[in-house]
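S.K.: Got a structure for you, written out below as structure tokens; questions coming shortly.
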């Protein structure tokens, strides 16, 4: 493993679109890929080993900050429709086409809305630790709402994104946290936890993504879809995807054992290789 990953040194870039400035970074060459962030995430919260792995697999990776968060200007919100609009505006401003769209957590909800609105822009849809639309067979754990609403330490990081009962997962969390901390210049402003907490609600909801038309689009699509999950995701349990497996014609499921809400943090290189094999296949 290199001491400093290339992703940790990717320069901040900016594009003006629809009255705000979106911040983004690019690394790699090849198939265009756009990454949509998790709740309370900024560009620095992607694991550099995962990003480098994607670049090494032949993707030109675009990551960005949502409006008003990180380095981007504009009105901040966690309304998924606005996050999808940010994604579509970035794709349009950078003149990308037939992208591999990858969304993590609430970014996966945004990615599904992009799929609903503009499927012609996508070649593949990759979802990480997110929820499908519609009624759920298993809801979130209340612990997520407690942890996501406060300032987080390393133990919170473990419980949010890994499997705290597994020593191997805890070790992976320490390595991932060290990689995420590598960047020293141009780091993004963290998302204020008190502001973000206002979007959480009081606890688990069912459905978490109440838009039947989005589920109908997944049932009719010809676009290949991959979901990467952990077997113990405290906010978006992977069981909800397995419940839909027979009704979603293009869905492939990959679930890591003893892993949580950030499977690509625990298995960065392997996740990149799986995504590449999925796209090439």
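Numbering (the UniProt record's numbering), first residue to last: 1 to 281.
Note that CB positions come from ideal geometry on N, CA and C, so glycine has one too.
DSSP has residue 184 in a bridge; who is on the other side?
M.R.: DSSP, once it has assigned bridges, lists no residue as partnering residue 184.
S.K.: Return the Cβ separation of residue 73 and residue 66 in integer angstroms, given the expectation that the two are a contact with Cβ distance under 8 Å.
M.R.: 11 Å between Cβ atoms; not a contact.
S.K.: I'd like the span of the alpha helix (DSSP H) that includes residue 216, first residue to last.
M.R.: 212-220
S.K.: Among the candidates 48, 55, 45, 20, whose CA atom is the shortest distance from the CA of residue 33?
M.R.: 55
S.K.: Between residue 230 and residue 19, what straight-line distance do the alpha-carbon atoms span, to the nearest angstrom?
M.R.: 38 Å
S.K.: Between which two residues does the beta strand (DSSP E) containing residue 282 stretch?
M.R.: Residue numbering for the chain in the displayed model covers 1 to 281; residue 282 lies beyond these limits and cannot be assessed.
S.K.: May I ask which residues mark the beginning and end of the alpha helix (DSSP H) holding residue 268?
M.R.: 268-280
S.K.: If you draw a straight line from the alpha carbon of residue 156 to that of residue 12, how long is it in whole angstroms?
M.R.: 28 Å
S.K.: Note down the Cα distance separating residue 279 from residue 124, rounded to an integer number of angstroms.
M.R.: 7 Å
S.K.: How is residue 199 classed by DSSP in three states: helix, strand or coil?
M.R.: coil
S.K.: Taking only three categories from DSSP, how would you classify residue 228?
M.R.: strand
S.K.: Between residue 169 and the rest of its own chain, which residues show a CB-CB distance below 8 Å, the 5 nearest in sequence each way excluded?
M.R.: 158, 162, 163, 258, 259, 260, 266
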